[in-house]
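Read the structure below first, then the notes.
2 protein chains.
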Amino acid sequence: MKNISRKTVDRALIYIRTLDHLIKEKRYLVSSKDLALITGISDVQIRKDISNFGKVGRPRIGYKTAELNKTLKGFVLQENVVHVALFGVGHLGTAMLSYPAFNEDNIKLVAAFEKDKSKIGKKINGVKVYSVETAPKIIKRTHADLGIIAVPASHSQEVADIMVLSGLKGIVNFAPASISVPKSVSVKDIDFTIELLSLFCNNLQ
Amino acid sequence: MKNISRKTVDRALIYIRTLDHLIKEKRYLVSSKDLALITGISDVQIRKDISNFGKVGRPRIGYKTAELNKTLKGFVLQENVVHVALFGVGHLGTAMLSYPAFNEDNIKLVAAFEKDKSKIGKKINGVKVYSVETAPKIIKRTHADLGIIAVPASHSQEVADIMVLSGLKGIVNFAPASISVPKSVSVKDIDFTIELLSLFCNNLQ
DNA sequence: TCTCAATCGTTCTAAATTTCACGATTAGAC
DNA sequence: GTCTAATCGTGAAATTTAGAACGATTGAGA
Chain F
0 MKNISRKTVD RALIYIRTLD HLIKEKRYLV SSKDLALITG ISDVQIRKDI
50 SNFGKVGRPR IGYKTAELNK TLKGFVLQEN VVHVALFGVG HLGTAMLSYP
100 AFNEDNIKLV AAFEKDKSKI GKKINGVKVY SVETAPKIIK RTHADLGIIA
150 VPASHSQEVA DIMVLSGLKG IVNFAPASIS VPKSVSVKDI DFTIELLSLF
200 CNNLQ
Chain Y
0 MKNISRKTVD RALIYIRTLD HLIKEKRYLV SSKDLALITG ISDVQIRKDI
50 SNFGKVGRPR IGYKTAELNK TLKGFVLQEN VVHVALFGVG HLGTAMLSYP
100 AFNEDNIKLV AAFEKDKSKI GKKINGVKVY SVETAPKIIK RTHADLGIIA
150 VPASHSQEVA DIMVLSGLKG IVNFAPASIS VPKSVSVKDI DFTIELLSLF
200 CNNLQ
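Sequence lines, in order, name chains F and Y. Note that numbering that gives the first Met the number 0 has the first sequence beginning at 0, numbered continuously upward. Note that numbering that gives the first Met the number 0 has the second sequence beginning at 0, numbered continuously upward.
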C-alpha cells in the first residue's frame with residue numbers, strides 16, 4: 000500500500016464531507032473540476048489525491064459520488080468510529096457537547112471531565128460529566144481514542160498529563176498554550192487568537 | 000523588506016504567545032533550544048524564523064524575551080488591534096463571546112449577528128447582538144476587519160455572502176462546509192470533525 | 001464508423017519548506 | 001589573556017508539496 004501523506008488525508012476528509020453533501024442532494028456524478036469549484040482545491044490536486052486510492056474515475060464522465068465516497072472512506076476511515084473524551088465543560092466544552100455534526104459523522108463523545116463539582120454527575124446531550132480524577136478509569140472503560148482540551152491555559156498541561164496517563168493517543172488542544180506530551184501522542188493546536196491573527200497578518204498587510 | 004512566508008508568520012505568533020507567557024513569569028532570557036522544548040518546533044527552525052526579523056539574539060546567551068517579543072510583534076502585528084464580527088450566537092458563538100484570551104490579545108469582538116429574534120438587542124459580555132440584515136451597516140461603522148462563521152452549515156454560504164458584501168477581508172469558518180468567496184477574501188476553515196478525524200487517521204492507523 | 005471534446009491519471013518540473021552542517025560570536029573559567 | 005562551551009545565524013542539501021504538461025480513455029454526435 001502506498002504511503003499517503005498527511006496533507007492528502009486531510010484533503011480526503013474534505014472530499015468526503017463534500018461528497019456526503021452531494022449524495023444527500025441526490026447528485027450521482029461529479030468531476031474533479033466540480034469538486035475544485037466547491038472546495039477551492041485545484042482540480043489537478045484533487046485528481047492526484049484521488050489517484051492514491053485507485054482508479055475510480057472515468058474520463059469524460061467524472062466520478063460516481065457514492066463510489067468515490069466509499070473508496071475514500073475505506074482508505075482513511077475504515078468504518079471506524081472515533082471515541083473522544085472532552086476535558087472542560089465551560090462555554091467551549093458545552094459547545095462541543097452540543098455540536099450537531101458529530102452525530103452524523105464517525106465521532107462519538109464518550110465522556111466529559113470537569114473540575115467544578117456542581118457540574119459533575121450531570122448529563123449534557125447524553126454525555127455524562129465525570130470528575131477529572133476518574134479520567135484514567137473512565138477513558139479505559141469507554142475506549143476513548145482522542146481527547147479535547149477545553150480548559151483554561153493555566154490548567155492545560157496538567158490536563159494533558161492526565162490524558163497521556165489515561166492512554167489517549169491524540170489531543171485537540173483549544174487552550175492558548177503549548178503542551179508537552181510524549182512523541183507517541185499527537186497534538187493538534189487550535190488557538191482562536193492565533194487563527195484570527197494569522198488571517199490578519201498574512202493577508203491584510 | 001524580506002518576503003516572509005505564511006508559515007513563518009504563523010510560527011511567529013506562537014513565539015509571541017510563548018514569550019508573553021515567559022515575560023509574565025519574569026523570565027528575561029530564552030534560547031532557541033528552550034523555545035524548542037516549549038513549543039515543539041525545532042531550534043533550527045526557530046532561529047531561522049527569527050533571523051527573518053533581524054539579528055536580535057546573542058551567541059552564548061540567547062534572546063532577551065522582552066526584546067524578541069517586541070521585535071516579532073513589530074513585524075507581524077504592528078500595534079494593530081483586529082476588529083472581529085461574529086455571525087451566529089449559538090453555543091459556539093457564545094463560547095467565542097466569552098473567550099477570555101481575546102481581551103489580553105490584539106483582538107476585539109465588535110459585534111455579533113444572529114437570526115433568532117429573541118437574542119437580538121441583547122448584550123453578551125459587552126458585545127451587542129444585531130439582526131443579520133443590519134450587518135453591512137454595523138460592520139462598516141465598527142470597522143470590523145474579520146468575521147467568524149458560527150452558524151449551521153446550511154446557512155454558512157448565505158452568511159459568507161453577507162460578510163463579503165459587508166467588506167470583511169477574512170473569514171474564520173467553523174461551519175462544516177466549504178464556502179465560496181472572491182479571491183480577495185481569505186478563509187480559514189476549522190471543522191471540528193475534520194480536526195479529530197485527521198488526528199485519528201494520520202496517527203492511529 | 002470517425003471525429004471531437006471532456007476528463008482522468010501520470011510523469012516530469014518547479015517551488016516551497018525543512019533539515020543539516022558549519023562558521024562566527026560571546027561569556028565565563030582558569 | 002586564552003581557552004572552552006554554548007549559542008546564534010546562514011548557506012547548501014534534502015525533502016516535501018504543488019503545478020504543469022501531456023498521453024489515455026471515453027461518450028456523443030455527425
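From the three backbone atoms N, C-alpha and C, an ideal C-beta is built for every residue, glycine too.
Hey, out of the options, whose CA is closest to residue i's CA?
i, options, result
"residue 117 of chain F", "F/197, F/142 and F/88", "F/88"
"residue 23 of chain F", "F/103, F/195 and F/171", "F/103"
"residue 2 of chain Y", "Y/201, Y/74, Y/94 and Y/130", "Y/74"
"residue 124 of chain F", "F/13, F/175, F/51 and F/107", "F/107"
"residue 173 of chain F", "F/167, F/163 and F/153", "F/153"
"residue 52 of chain F", "F/122, F/146, F/68 and F/37", "F/68"
"residue 96 of chain Y", "Y/58, Y/59, Y/146 and Y/187", "Y/146"
"residue 77 of chain F", "F/169, F/12 and F/183", "F/12"
Can you tell me whether residue i is helix, strand or coil according to DSSP?
i, result
"residue 172 of chain F", "strand"
"residue 125 of chain F", "coil"
"residue 188 of chain F", "strand"
"residue 113 of chain Y", "strand"
"residue 130 of chain Y", "strand"
"residue 62 of chain Y", "strand"
"residue 56 of chain F", "coil"
"residue 8 of chain F", "helix"
"residue 84 of chain F", "strand"
"residue 71 of chain Y", "helix"
"residue 92 of chain F", "helix"
"residue 25 of chain F", "coil"
"residue 3 of chain F", "coil"
For residue i, I'd like the list of residues in its chain whose CB is within less than 8 Å of its CB, leaving aside the five on either flank, ordered along the chain.
i, result
"residue 141 of chain Y", "82, 84, 109 and 110"
"residue 45 of chain F", "10, 14, 31, 34, 35 and 38"
"residue 122 of chain Y", "128"
Given residue i, which residues of its chain have a CB within under 6 Å of its CB, disregarding the five upstream and five downstream residues?
i, result
"residue 134 of chain Y", "112, 161 and 165"
"residue 26 of chain F", "64"
"residue 158 of chain F", "86, 148 and 150"
"residue 156 of chain F", "178"
So, for residue i: in the same chain, excluding its five sequence neighbours on each side, which residues have a beta-carbon less than 7 Å away from its beta-carbon?
i, result
"residue 205 of chain F", "In the structure as shown, chain F starts at 0 and stops at 204, and residue 205 of chain F therefore has no counterpart that could be examined."
"residue 79 of chain F", "105"
"residue 137 of chain F", "110 and 129"
"residue 41 of chain F", "35"
"residue 72 of chain F", "15"
Which residues in chain F sit within 7 Å of residue i, going by Cβ to Cβ distance?
i, result
"residue 91 of chain Y", "94"
"residue 101 of chain Y", "192"
"residue 145 of chain Y", "195, 198 and 199"
For residue i, go through chain Y and note every residue whose CB falls closer than 8 Å to its CB, in chain order.
i, result
"residue 64 of chain F", "Those do not exist, as residue 64 of chain F stays about 15 Å from chain Y at its closest Cβ, beyond 8 Å."
"residue 150 of chain F", "Under the 8 Å cutoff, chain Y gives no residues; its nearest Cβ is about 12 Å from residue 150 of chain F."
"residue 81 of chain F", "195, 196 and 199"
Quick one: list the residues of chain Y neighbouring residue i, beta-carbon separation under 7 Å, in chain order.
i, result
"residue 39 of chain F", "177"
"residue 169 of chain F", "198, 199, 202 and 203"
"residue 75 of chain F", "200"
Would you check if the distance between the CB atom of residue i and the CB atom of residue j is smaller than 8 Å?
i, j, result
"residue 199 of chain Y", "residue 144 of chain F", "yes"
"residue 177 of chain F", "residue 7 of chain Y", "no"
"residue 66 of chain F", "residue 171 of chain Y", "no"
"residue 181 of chain F", "residue 163 of chain F", "yes"
"residue 48 of chain Y", "residue 197 of chain F", "no"
"residue 70 of chain F", "residue 55 of chain F", "yes"
"residue 185 of chain Y", "residue 202 of chain F", "yes"
"residue 91 of chain Y", "residue 94 of chain F", "yes"
"residue 126 of chain F", "residue 114 of chain F", "no"
"residue 189 of chain Y", "residue 189 of chain F", "yes"
For a contact defined as C-beta to C-beta under 8 Å, what are the partners of residue i on chain F?
i, result
"residue 29 of chain Y", "Result: empty, since nearest Cβ-Cβ is about 13 Å, beyond 8 Å."
"residue 8 of chain Y", "197, 200 and 201"
Just to make sure I have the definition right: I need the residues of chain F whose C-beta is within less than 9 Å of the C-beta of residue i. Which are they?
i, result
"residue 12 of chain Y", "190, 192, 193, 196, 197 and 200"
"residue 142 of chain Y", "In chain order: nothing, as chain F lies at least about 12 Å away."
Taking 7 Å as the line, does the beta carbon of residue i fall inside it for any heavy atom of the ligand FMN?
i, result
"residue 187 of chain F", "No copy of the ligand FMN occurs in the structure displayed, which carries no ligand at all."
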